[in-house]
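These notes concern the structure reproduced below.
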């Protein structure tokens, strides 16, 4: 279980960093009348958003491979997922995320912005600031598309291939108990992957119009999804499950009592 917990610790740290980059300034804008941010702070926010998002995409594909190795080669898992390998995979994910964010921000620093500096979003992200530039943004768009293809579609393809092998392996298990045990190993990660890539696709594939729907998806991508990840992985713990069950039963009893009082 050491590689799995090592990956989860880095995923939790990434979710914390990702939320810390966007949420404080978002709350400040909600509470203040003057909603401003300097160009340097905006570019710094872009850098850390790309860094954390790109690293998390790579890490999710690494975790999918970890699940594949645990289910497809259970007896050889300790040899396949050695300490040297999972350390290299994690720090390689950080390295790719840093390289991607460094290239993107290096080109963004040379942009010249027009007089209209209104960002129709809660945070500074590269698709939001490119329309504000008076200079040529073709290189920035090409690099951004390459980032989306490599980190977004590339990592999603690796996750899909891993889960295709996982599902075929689970279906080949004869016992129902073995199937449920194997599926529980990867169910939390599968939910986290669906939330991450689903919200990212809705955020970045929609036209950059600043509409209410786009703002809602932006909040889901930057706030709700990182907040739900620890809860999703905690639901595998028996004590957490029992606590959630007791809380739900308590609230259901309160609702039933309120309904009886209203009827009487």
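In the numbering used here, the protein residues as written are 3 to 266.
For each residue, glycine too, the CB sits at the ideal point set by N, CA and C.
Span separating the alpha-carbon of residue 45 from that of residue 126: Straight-line Cα distance between these residues: approximately 7 Å.
Rounding to the nearest angstrom, what Cα-Cα distance links residue 224 and residue 52 in this structure? Going from the Cα of residue 224 to the Cα of residue 52 covers about 12 Å.
Taking the straight line between their C-alpha atoms, what separation do you get for residue 111 and residue 187? A direct Cα-to-Cα measurement between residue 111 and residue 187 gives close to 44 Å.
Residue 84 and residue 113: beta carbons closer than 8 Å? No. Outside cutoff.
Using a threshold of 8 Å, state whether the C-beta atoms of residue 229 and residue 124 are closer than that. For residue 229 and residue 124, no; Cβs fall outside 8 Å.
Identify the continuous alpha helix (DSSP H) that holds residue 37 and give its terminal residues. Where residue 37 is concerned, there is no enclosing alpha helix (DSSP H), because DSSP gives it neither an H nor an E.
Among 221, 120, 245 and 253, which one has its Cα closest to the Cα of residue 20? Nearest option by C-alpha distance: 221.
Compute the distance between the beta-carbons of residue 192 and residue 235, then report whether it is under 8 Å. No, the Cβ-Cβ distance between residue 192 and residue 235 is not below 8 Å.
What three-state label does DSSP hand residue 115 in the structure shown? Residue state, collapsed to three classes: strand.
Go to residue 156, then tell me how far its alpha helix (DSSP H) extends in each direction, as first and last residue. Per DSSP, residue 156 is not a residue of any alpha helix (DSSP H), being assigned neither H nor E.
Counterpart residues of residue 1 in DSSP-defined beta bridges: Outside the displayed span of the chain (3 to 266) sits residue 1, for which this structure offers no information.
So residue 90 is in the alpha helix (DSSP H); what residue range does that whole segment cover? Counting along the chain, the alpha helix (DSSP H) containing residue 90 begins and ends at 85-110.
Would you check if the distance between the CB atom of residue 219 and the CB atom of residue 190 is smaller than 8 Å? Not a contact, by the Cβ cut-off of 8 Å.
Output needed for residue 99: all residues of its chain with C-beta closer than 6 Å, excluding positions within five of it in sequence on either side, in chain order. Contacts found: 53, 56 and 57.
Residue 50 to residue 231, Cα distance in whole Å? C-alpha separation (whole angstroms): 19 Å.
Can you check whether the CB of residue 63 is closer than 8 Å to the CB of residue 160? Between residue 160 and residue 63, the C-beta gap is smaller than 8 Å, which places the two residues in contact.
Measuring CA to CA, which of 40, 73 and 194 is closest to residue 119? Selected option, being the one with the closest Cα: 40.
Would you decide whether residue 9 is buried or exposed? Buried here means 16 or more other CB atoms lie within 10 Å of its CB. With 16 or more neighbouring CB atoms inside 10 Å of its own CB, residue 9 falls in the buried class.
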